[in-house]
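Residue numbers (our numbering), protein chains in the order written: chain P, 1 to 410; chain W, 1001 to 1410; chain L, 2001 to 2410; chain V, 3001 to 3410.
All residues carry an ideal CB built from backbone N, CA and C; glycine is no exception.
Working notes, beginning with the structure itself.
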């Protein structure tokens, strides 16, 4: 468990930080303005020039696909521990990850195909995803059931000859608002009579398939996050060839477990960056405003909040690094308690710090002039997405209780 | 301190509850849809048919201007204690108060004019406000300074002959997005050299005055709250007759103190209704969803949250009633500790319950399908608006410390 | 729900406050010293002169048995609502209640006998208790089972002719350390085969009965609370006449419900007084100490804590008064949610304020020089005693969930 | 920053764990009983046989003075990072550290003399301390001033020829209750007119010096922690030779800074062990008790608390290891933010987990039957001792604010 950053990682951090200073921070307002212009002229659901123009630069500098574990198709891949500090930087600006082709849910989808897909599936979908030519969505959550318990999922994937026929309604399909979104990974039931964790399968569904209707974008605290979007999607008799199945029938749960670990830790890494950003903005704000005869920074109530923020960030980062290191060395399964822990810890930590930062900014804090409220909305949602806090806490507790059944010292 | 509801209040509560059941709840989705339609067709900044069509019904039933204390122009007015349980019901739906001409900031503005205005000012502005013919905004907060300390305010109100000339930039002028908004009450400095609390004055400024530019709507989390809106407004050499001054030069602070008490308690009353709504939705949700083999309502973690919610609501309501009762009987000045207390207690209480309710709803909780996220955004902002928590806590602490300077028992 | 204090109550409050100023506060150190002297000379388990000498004065001034509801044997009794502000004052000093014959568990025991006892039982036990001649204990909790679920209780009360034979082990029998403790009210099972809430009965057991062994005092944090004490007691074949049964066989649960309501609210009233005391001490301390160039009272972190303390106390008091009022008017059963609420709210509220007060006092706060640590220990225990928080929260949640099963507004 | 345990440390951990299983846990009850017997027979202020009999075994096994950094007099010393996991184990039982000669305040005192003492001072005091032949106390805190601000300290150290004359009152001198306590390190002012951080000096004062009066033990919650004790001590014209000065006149502050870093981190290491113990006891308890039809371990509210406990412990441990590693590599001064962070984080973390564990145990939790309440009392005090939370938070905030003064990204 050596958390020091290697020279390779340090070099990438420096490069990435330079990139943020030169291209990302200076474009934060421009990005919002471009989307507002698109919205005003009738369609916010198109890619932004701001991001598209930065991608070639990022790629040129080697800041591309950093998330991907070393593999035949990503020979320069990084370990989770190496990626963590880089992903953290990306999390400082909500839209920045896409510039580096490191944004969710594409990263999780790429990793899924890389790990569980056939070579043909990789040729067809992984390559254009790695090249940033298409985007993708992950269709798991359903509006009609408590999807926190994945066995509740009802979407039907019925085999009919050489095809699967899919029927179901999914929502919060993030990224499905983007016109370039060409692929859905769909979780559904191939065998409702099997054992409860073997009923599910995952299939690759082209977004252009017949029978698919993108019903509407869902908002997250007022934000529709166009052009990315969180969509509600109806699938009616959607047909795909059986070769689109991932891994095997009844193995959807297994893939979900494998997929969600990395997805979760990437979220947590980004969240830590967001928390750092919030604390930075907070500290700057309280030093530049005066109330009741002194700088707000000189009121001790803010010392309390700043100190607690720093303590919380440091701890969450260390725990994330530990989880990343374990995923690299002992695997996602052995590291499941640690993954669950950071998934519980990081979003709540960041929400608290963001809340303090908002409070420090007054009205400006909830407005579009600072990234605080939108970061809050996105991160608050991560206490629900990829498993709500309650489910992760139950996992941690179960493992902990199991450690204390025999030995009695009292 | 008798908090029982009188028969008059009970009758109004029953009437109002019927109104909500018949007209408000069934229109919640329609209201959002109408605004979305307006937005899609190019202008969300117009009054909604949903609200406008309900106003005559409300007025007919005597559910109109309930907020206004008994006065010559409101002979049927209610006391704060009587209004509290009615206002609470209105708070269950974000847009409902306007149906009854009881929405902020108009209520505070009407009360200000009623209390501090001349008869001519009342004829000109109070009457159309009471009739619901125009709307109004309150221009206090400025983007360039920590407005939590009102002595920081920089907007200049300079006398020039029979006119005042106003220059300044204000923001978070709620309601100024509405095309019917005809009046701004503006706080500024008439004498920057006077004692720090006598530099400020308030003037009535017609929204159509030359030199006024509404720059943009500010968003609250992702909501722009059209058509109401929270606007940033530039005033450049705006001229109004000196007769538009409220109360007297240098008395702006005094008015602010008088105005904000009722404004704050109305917010708190509504917040309690919002918290009740959140708890109701939470309880319904957890009883209708199943996860891991039992209803979510049967997981004891939710008992904890439901019980704490109920305890918090009951306590906050009682404290609000106490503050209301004191305002009625001993006046806003003597009740200032209690007003500060509910201003601190109610928003945080409701934010916590809303957060739990969101968690109980999963993704639906942050979306437009439930009122939870938008209530959260609005109420979170009330930890900043009308004085941030920190300022109210300082007020309470100062009064408390003063009680314990002499007697020593330990 | 009129919470104003009546003139009668105001007069008693004034009298009681005078008594505290004259006799209680000035004796706080003397009380601890007397017990220390007793301990040093070999026996801390004897009544203190400090308390015994004050009792006649209290009785003379009419400050005696104030807790008892109006009844044939207490014609001057007070309602719960009237008693609340008096009980609150008594809670400011841990040992003060006994001076007024208003201390737990005697008050609960007296109320139990008054309500459920026969005239003979009242003559035999209630009269000397009302006169302060004897003391009593309540034997319910058992070390071997989770007594939070009263159906777990295992103490056996077996009928044998005209006698009941009692076998069991009880602990945390508060007050049983006092040599004057002459009566135990014992909860046990008369019929282990009956329905789960009809297996239990309560019997009056003279402390001097054969077969009783007081095993040891339990400490609460480091306090043994001598001479009152919290004792572990073994009952081996203890025999009492069947006429010592309270109310009837199988009605123990019913009595427990009836008894615990008043007992709980008395605790909460006292707790509010303790919280007021803590806040008073905190405010005094921070105004008399200087650190880093200014009074601790001028560091805004303390404004935060003082303000939150005041908000919490006000709210808890109002909720306690509401519960008291409901117990007086609609009965303990209808008021059970409110009783559960204050039982959850008050101890946690006071523990938080005491914790802040301790922090404000530095090392002195945890020491014997201030009453803070001992109040903390006693009140922390009340999150367990008379039903742990978790059980009361479950009660509140159950009632709340039941309110939201039909109507759906979303 | 490699936090893996080296083979040397792993071997010591295994040895220490075995020692605890064989000798410490089985003696927990015996230790309390021995002190109770001593108390009952008139003197609790004598060393316990339990500890004294274990010391030779510990020493024999090489489990002795593990705390001491490698130095000429401790050639086998460990680094902070190496010591951390060992110290953590010792923290599982309040009295265990002394068995290994690793208990506060002796460890801090030894480290102080080792670092700042002359060879003569080391011969005279360090050797017998390392041998466990004498004990020592640290006299810093004073009852009359806010000692959190060390510049407030008033104890006078006046030079008179070849002697210093010391006058002052100190309290919470932990360990001074032990009859073997032979040495006091006293902080006082040699020059009240110097710059505020150069007024203080430290001198070595033999406990047997004339003019010293140990006034009384202070209790911590109800514990007097005999025979260790927290004493109030009066020094009247106490004379020591000038050669007893540590480091130099006016350098007391400098020593305090140097001394408190290691002292603080040792406390935090132990606290983590205490938290682990609490969580272990909690998990065992909830699996062995049944309430309302199921094991308490199956109520999800306990999953929440167990999971949060595990998350908090993991994070606090990692932060402690980081601080330890930095102390080893970049020094206490550079690591001062990290030391302050763990000092804020660890005690509050453990108090919360202990509070939950107490709650899980019911009445047993606050009693002498489990170590929970006494651990709570001791650790709660560490939110005050060695600098209260507020002071450490101010340190962290100051450093954080300084990082964000120049760069502005928003």
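Just reading off the alpha helix (DSSP H) that residue 3087/V is part of, what are its end residues?
3080-3090
Write down every uninterrupted run of the alpha helix (DSSP H) in the region 3331-3381 of chain V whose length is 4 residues or greater and which is fully enclosed by it, in chain order.
3336-3361, 3363-3366 and 3372-3381
Following the continuous alpha helix (DSSP H) through residue 977/W, name the residue where it begins and the one where it ends.
The structure shown does not extend to residue 977/W, since chain W spans only 1001 to 1410, so no value can be given for it.
Segment limits, beta strand (DSSP E) that includes residue 2159/L
2156-2160
Spell out whether any CB of chain L is found under 8 Å from the CB atom of residue 3221/V.
yes
Bridge partner(s) assigned by DSSP for residue 138/P:
185/P
On the DSSP letters alone, give me the boundaries of the alpha helix (DSSP H) that residue 1128/W sits inside.
1127-1130
Looking at the C-beta of residue 2358/L, does it have a partner C-beta in chain P at a distance below 8 Å?
no
If I measure Cβ to Cβ from residue 124/P and keep anything under 7 Å in the same chain, skipping five residues before and after, which residues do I get?
none
So, is residue 1161/W buried or exposed, given that buried needs 16 or more other C-beta atoms within 10 angstroms?
exposed
Just mark residue 3258/V as buried or exposed, buried being the case when its beta carbon has 16 or more other beta carbons within 10 Å.
buried
Hey, residue 1/P and residue 309/P are a contact pair by Cβ (cut 8 Å); roughly how many whole angstroms apart?
Not confirmed; about 25 Å, so no contact.
Residue 3149/V touches chain L at which residues, Cβ-Cβ below 7 Å?
2291 and 2292
By how many angstroms is the C-alpha of residue 3176/V removed from the C-alpha of residue 3048/V?
15 Å
Would residue 1377/W and residue 1285/W qualify as a contact pair, given that the criterion is a beta-carbon distance under 8 Å?
no
Pick from 3031/V, 3137/V and 3087/V: whose alpha carbon is nearest that of residue 3010/V?
3087/V
Give the interface partners of residue 3089/V over in chain W, defined as CB-CB distance under 9 Å, in chain order.
Ordered by position in chain W, no residue passes the 9 Å Cβ test against residue 3089/V, which lies about 32 Å from the chain.
Note down, in chain order, each residue of its chain lying with its Cβ closer than 8 Å to the Cβ of residue 3289/V, except the 5 sequence neighbours on either side.
3295 and 3296
Output, in chain order, the set of chain L residues within a Cβ distance shorter than 8 Å of residue 1297/W.
2401
For residue 3309/V, decide whether its Cβ has a neighbour in chain A, counting only Cβ atoms nearer than 8 Å.
The displayed structure is made up of protein chains P, W, L and V, and chain A is not among them.
Does any CB atom of chain W fall closer than 8 Å to the CB of residue 3265/V?
no
Is the distance from the Cβ of residue 3139/V to the Cβ of residue 3073/V below 8 Å?
no
Please determine, among 1356/W, 1392/W, 1025/W and 1273/W, the residue with the shortest C-alpha to C-alpha distance to residue 1051/W.
1025/W
Bridge-paired residues (DSSP) for residue 2166/L
2157/L and 2238/L
Listed from N- to C-terminal order along the chain, which residues in the region 382-395 of chain P have their beta-carbon within a distance smaller than 7 Å of any beta-carbon of chain L?
none
Alpha helix (DSSP H) segment containing residue 2282/L, residue limits:
2252-2288
Between the C-alpha atoms of residue 2271/L and residue 2403/L, what's the straight-line distance to the nearest angstrom?
30 Å
Residues in the region 2003-2034 of chain L with C-beta within 7 Å of chain W's C-beta atoms, listed in sequence order?
2003, 2004 and 2025
Spell out whether any CB of chain P is found under 8 Å from the CB atom of residue 2212/L.
no
Are the C-beta of residue 3232/V and some C-beta of chain W separated by less than 8 Å?
no
Any beta carbon of chain W sitting closer than 8 Å to that of residue 3301/V?
yes
If we define contact as Cβ-Cβ less than 8 Å, is residue 93/P a contact residue for chain W?
no
Quick one: which chain L residues come within Cβ less than 7 Å of residue 304/P?
2301
With a cut-off of 8 Å on the beta carbons, I'd call residue 3320/V and residue 3340/V a contact; round off their distance for me.
Contact flag wrong, Cβ pair sits at about 12 Å.
Tell me the DSSP secondary structure of residue 2002/L in three-state form.
strand
Can you tell me where the alpha helix (DSSP H) holding residue 3072/V begins and where it ends?
Segment: none, residue 3072/V is in no alpha helix (DSSP H) and carries neither H nor E.
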